[in-house]
Amino acid sequence: MRSIKVKGMKAIWSGLMMAAAVFCISAAGQDTAWGAAGSFIQEDVPAGQIALPTESGALTCTTDKTNVNITGTVSGAVSDPAVYDNYWYLFEMQPYEDDLGSRTDYAAWWTKGDTISCSLPLGFGTSSDKLYSKFVLAVFDGTRYHAISEPAYITNPEVLAKNTAEFKKPSSKKGLLLDGGMISDAMELGVKHTTINIAFHHLLGEGIDYQYDGKTYHFNKGVVAEYDRIVEYMSNKDLMVTAIILNGWNDNTPQLFLPGITKNSKAYYYSFNGSTAEGVETIKAIASFLAERYSGTQGKGKISNWIIGNEINNNEIWNYAGEKDLNTYVREYMKAFRVFYTAIKSVNSNDRLYFSTDFNWTDPEASQVKYGARDVIAAFGAAVKAGGDISWNLSYHPYPDPLTEPEFWNDGENGRATDSVDTRVLNFNNLHVLTDYLQRQELRAPDGSVRHIILSEQGFTSKSATRGDVEKIQAAAMAYAYYIADSNPYIDAIIMNRQVDNIDETNTSVALGLWRCDMSTPGVVKATMRKPVWTVFRVIDRKDSLEYTEFAKEIIGIQKWSDVIPNFRWKKYEN
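Numbering (the working numbering), first residue to last: 5 to 579.
Structure representation (structure tokens):
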């Protein structure tokens, strides 16, 4: 039977347990911290301290729009009754809090052995809003409360969304990173997916006032207007828009960066701050603003996919959080990811959220700032599940290795790309390893399905570091890669990088565009001539593409596409 908070009883019991604790003698004890995979990490503490709790709890939290409905279980031996009282206590915590400290303001309590179940007012949109809160189960030793469960979050914020429009699946997986002013070219190419980088750190400013949680946030009207123009135009052209949310350095928004992080010369972008009250409040407000504005209901266009950060397995350059071990780093990222997830899904129920990694699947030189993509995926999946599983998805970047040579099918020759789950590099040479891995039961979505995977950034150079111009090989590589992804049922999109060569990249033998660029205009993207890859890309998602890709077989060294691509989509049309 669930009991209601009773301060009188609690005070009496506290006094009794204080007395009992004086006579409690134990061997060397242990202190408890939350681990990345949902288990408790035990650390040695000095002898003579009271015995730590022996029971372990697990909570599940959902909302029915009015209440937070919480259920739980407890396993393990009951903690020493000479030390701990006979009750389990439920605490609400803010998403940025890591421990209970000296808190005593529990929200509910039960006699040990009773069924753990209660409903608390959600208070959505009020000062006591619990939508972003997390909840823990604790026991009391007469002096302080000890958490015995992982923090549990509300896992279904989508039930609160006003926009419940179905996710609109494009007719093709074909996508392209567009250059401004070349939308008509994209339409001629038949592109169905595109990406837009949103500089989170430049959104705040003046010109647009937005009310959120009783506060007024000011947005940069000029910056937002440019995003409006791009997203609306792309949406009107029936493109699936994927936003990549990036956190660059801005001296004016220190609350967006983790505590102690300073500007780093190596870092392009920084990890979002889900570890302080101001950081969480700012993320909530900006994410909600973006979700509402680009919901498809405001006349500003529609963003359907949201990638939080970039290549997060590279802490040093793309998601800087300072030196951290893998589990600590992933948990920091996860806290911010959950805030984004809740903010966006509570506005648009069917939007999809992703994190991205590069092609470094395992990393024998893993450090405090670089991690293997596989390890990040596993750690993130375990950490999320421990706090209540949600529908996260994966954005992956399977570039060739190295980027300066387009023939990814030869990447296994150096031993870095293999068909093993322990491969060093995972790209189009062994893409099935990725989708096989995501089919593992422990990584599946809450409904048991395989999580959505988009290949949101990849490209093939037309300028070899060793041979010069290789435009025909670039076209062959793109065709082969697209066929591989298109024939894999677990890949939702393949978004090529880029529409036009980038001058700086081309100077380093990374000429990824479908168009050549004017190399005499630094800082200005000026398309000059279509490459052979342009023609192939235009038809690549059609069965008649086989006519246009016939040349590629000799380059790759194959007789039929179906000989090297399992379940090749156009097999029945092959000669």
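The C-beta atom is built at its ideal place from N, Cα and C for all residues, glycine as well.
Cut-off 6 Å between Cβ atoms - residues of its own chain near residue i, not counting five sequence neighbours on either side
i: Ser123; result: Asn71, Asn73
i: Tyr221; result: Tyr214, Ala289
i: Asn579; result: none
i: Val26; result: Low local confidence applies: a pLDDT of 27 at Val26 is under 50, so the model's placement there is unreliable, and no value is given.
Close-in-space but distant-in-sequence residues of the same chain around residue i (CB under 8 Å, 5 per side omitted)
i: Thr64; result: Ile74, Thr75, Gly76, Ala156, Thr159, Gly392
i: Pro536; result: Glu475, Lys476, Gln478, Ala479
i: Glu336; result: Leu262, Ser275, Gly278, Ser279, Ala325, Lys328
i: Ala41; result: Summary for Ala41: the model assigns pLDDT 39, below 50, so the residue's position carries little reliability; its value from the coordinates is reported in the next sentence. Once the five neighbours on either side are set aside, the close Cβ partners of Ala41 are Asn331, Ala383, Ala386, Ala387, Ala390.
i: Val425; result: Arg378, Val437, Asp440, Tyr441
i: Phe344; result: Ile249, Phe276, Ile287, Ala291, Trp310, Ile312, Leu357
i: Lys69; result: Leu126, Phe128, Val163, Leu164
Endpoints, the beta strand (DSSP E) within which residue i is located
i: Gln215; result: 211-216
i: Leu63; result: 60-67
i: Thr198; result: 197-203
i: Leu193; result: Here Leu193 belongs to no beta strand (DSSP E); instead the alpha helix (DSSP H) covers 187-193.
i: Ala151; result: 149-151
i: His436; result: No beta strand (DSSP E) holds His436; the alpha helix (DSSP H) holding it covers 435-442.
Of the residues the options, the one placed nearest residue i, counting alpha carbons only
i: Lys134; options: Thr553, Asn492, Ala347; result: Ala347
i: Thr58; options: Ala86, Thr465, Asp379, Thr439; result: Ala86
i: Ala387; options: Thr332, Arg471, Pro410; result: Thr332
i: Ile488; options: Asp508, Ile544, Val351; result: Ile544
i: Ser395; options: Phe341, Asn364, Ser371, Asn418; result: Phe341
i: Tyr272; options: Tyr358, Asp367, Trp322; result: Trp322
i: Val351; options: Ser60, Gly184, Leu260, Val163; result: Val163
i: Asn167; options: Ile458, Lys349, Asn397; result: Lys349
i: Ile312; options: Glu296, Pro410, Val343, Tyr358; result: Tyr358
i: Phe464; options: Leu516, Ala165, Asp508, Thr427; result: Leu516
i: Asp103; options: Lys69, Lys138, Ala481, Asp89; result: Lys138
i: Ser106; options: Pro99, Trp114, Phe95, Tyr100; result: Phe95
i: Gly283; options: Lys575, Thr67, Ile265; result: Ile265
i: Glu101; options: Ala151, Ser513, Phe293, Gly179; result: Ala151
i: Pro258; options: Gly376, Ala281, Lys178; result: Ala281
i: Ala229; options: Glu154, Tyr298, Lys564; result: Tyr298
i: Val540; options: Asn506, Gly194, Asp118, Asp508; result: Gly194
i: Gly561; options: Ala481, Arg542, Thr525; result: Ala481
i: Gly184; options: Val528, Asp567, Leu260; result: Val528
i: Thr4; options: Asp508, Ser468, Met533; result: Given that the chain is displayed from residue 5 to residue 579, the structure contains no residue 4 and the question cannot be resolved.
i: Ala55; options: Ala62, Ala190, Val82; result: Val82
i: Ser466; options: Pro410, Pro450, Ala370; result: Pro410
i: His456; options: Phe171, Pro368, Thr366, Trp574; result: Phe171
N-terminal and C-terminal residue of the alpha helix (DSSP H) that residue i is part of
i: Val343; result: 330-349
i: Trp396; result: Counting along the chain, Trp396 falls outside any alpha helix (DSSP H), though it belongs to the beta strand (DSSP E) covering 396-400.
i: Lys116; result: Premise fails: Lys116 is in no alpha helix (DSSP H) and is neither H nor E.
i: Thr539; result: 536-543
i: Phe555; result: 554-560
i: Lys138; result: Note, Lys138: premise wrong, no alpha helix (DSSP H); beta strand (DSSP E) at 138-144.
i: Ala73; result: Per the sequence shown, the amino acid found at residue 73 is Asn instead of Ala. First-last for Asn73: 71-79, but that is the beta strand (DSSP E), not the alpha helix (DSSP H).
i: Asp496; result: Looking at the DSSP string, Asp496 is not in any alpha helix (DSSP H); the run it does join, the beta strand (DSSP E), is 495-500.
i: Glu296; result: 281-297
i: Tyr110; result: Careful: Tyr110 lies outside any alpha helix (DSSP H) and carries neither H nor E.
Integer-rounded CB distance, given that residue j should sit under 8 Å from residue i
i: Val227; j: Leu250; result: About 13 Å; that fails the 8 Å criterion.
i: Lys116; j: Tyr149; result: Going by Cβ atoms, the distance from Lys116 to Tyr149 rounds to 14 Å, so no, they are not a contact pair.
i: Ala247; j: Ile307; result: 5 Å
i: Asn317; j: Thr361; result: 5 Å
i: Asn354; j: Ala169; result: 7 Å
i: Gly305; j: Glu236; result: 4 Å
i: Trp413; j: Tyr484; result: 7 Å
i: Asp423; j: Ile458; result: Wrong, their Cβ atoms sit about 23 Å apart, outside the cutoff.
i: Cys521; j: Thr512; result: That belief does not hold up - the Cβ atoms of Cys521 and Thr512 are roughly 14 Å apart, past 8 Å.
i: Val514; j: Leu407; result: 5 Å
Sequence-distant residues of its chain with Cβ nearer than 7 Å to residue i (five each side left out)
i: Ile290; result: Phe204, Leu207
i: Met454; result: Looking at the sequence shown, residue 454 is not Met but Val. Correct list, in chain order: Leu442, Gln443, Arg448, Tyr494.
i: Asp415; result: Pro404, Asp405, Ala421, Val429, Asn431, Asn433
i: Lys267; result: Trp253
i: Thr199; result: Leu181, Thr246, Ile248, Ser460, Ile499
i: Gly127; result: Asp133, Lys134
i: Gly303; result: none
i: Lys270; result: Glu320, Ile321
i: Asn571; result: Ser491
i: Pro174; result: Lys196, His197, Met244
i: Ile569; result: Tyr487, Ile488, Ser491
Beta carbon proximity, residue i to chain D, threshold 8 Å
i: Arg471; result: The chain inventory of the structure shown lacks chain D, comprising one protein chain alone.
- Is it a yes or a no for the region 139-150 touching the region 102-120, going by three-plus beta-carbon pairs under 8 Å? yes
- Query: For the region 546-555 against the region 499-510, are there 3 or more C-beta pairs whose distance is under 8 Å?
  - Reply: no
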